[in-house]
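Single-structure report; data block below.
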Amino acid sequence: LTPAAVAILREAGPLPEGDALASHVKNCTVRLVGTALIARAISTAGGVSWSEIDQDFMLKKRPGVFVAGEMIDWEAPTGGYLLQASFATGAAAGRAAARWASK
1 LTPAAVAILR EAGPLPEGDA LASHVKNCTV RLVGTALIAR AISTAGGVSW SEIDQDFMLK
61 KRPGVFVAGE MIDWEAPTGG YLLQASFATG AAAGRAAARW ASK
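Numbering-wise, this note's numbering puts 101 at position 101 of the sequence shown, and it's gapless, one number per residue.
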């Protein structure tokens, strides 16, 4: 664990061993004391509304313009979900853009 992760765990109490440690890590509560400026945010909410996108991730009002990943208005839990969704929508939008360009 990184020093920051250990510090967060220690704030919650003494560190147990083995399975108890794993359970402790998974259930660790992080007390928020404030927020940083939007410029420092890892991810933000907002983006292009799903209602503005067709099934190929092309903007309905701008034919030939495709969106994917964090360009779309959605929120997902951290832990790789948004990364996977970004990769998947990027691949789908890329294939659709190639089909559109070859018409």
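The C-beta atom is built at its ideal place from N, Cα and C for all residues, glycine as well.
Bear in mind the structure is a predicted one, so any value in this text is a computation, not a measurement.
Among the options, nearest to residue i - alpha-carbon criterion
i	options	result
leucine 32	Gly90, Ala22, Lys103 and Glu11	Glu11
arginine 62	Ala97, Ala5 and Gly69	Ala97
isoleucine 8	Glu17, Pro16, Ala93 and Thr29	Thr29
serine 114	Asn27, Val65 and Ile72	This structure does not reach residue 114, given that the chain is present from 1 up to 103, and the question cannot be answered.
tryptophan 74	Thr2, Ser51, Ile38 and Lys60	Ser51
leucine 21	Leu1, Gly34, Ala39 and Ala45	Leu1
valine 118	Thr35, Ala5, Gly34 and Ala36	Since the displayed the chain opens at 1 and closes at 103, residue 118 lies outside it and no answer follows.
Residue burial classification, residue i (beta-carbon count within 10 angstroms, cutoff 16)
i	result
threonine 89	buried
alanine 68	buried
alanine 93	buried
isoleucine 38	exposed
Residue i: first and last residue of the uninterrupted alpha helix (DSSP H) it sits in
i	result
lysine 61	Looking at the DSSP string, lysine 61 is not in any alpha helix (DSSP H), and its letter there is neither H nor E.
lysine 26	18–26
threonine 89	81–101
Residues that residue i bridges to, as DSSP identifies them
i	result
isoleucine 53	Leu59
isoleucine 72	Val48
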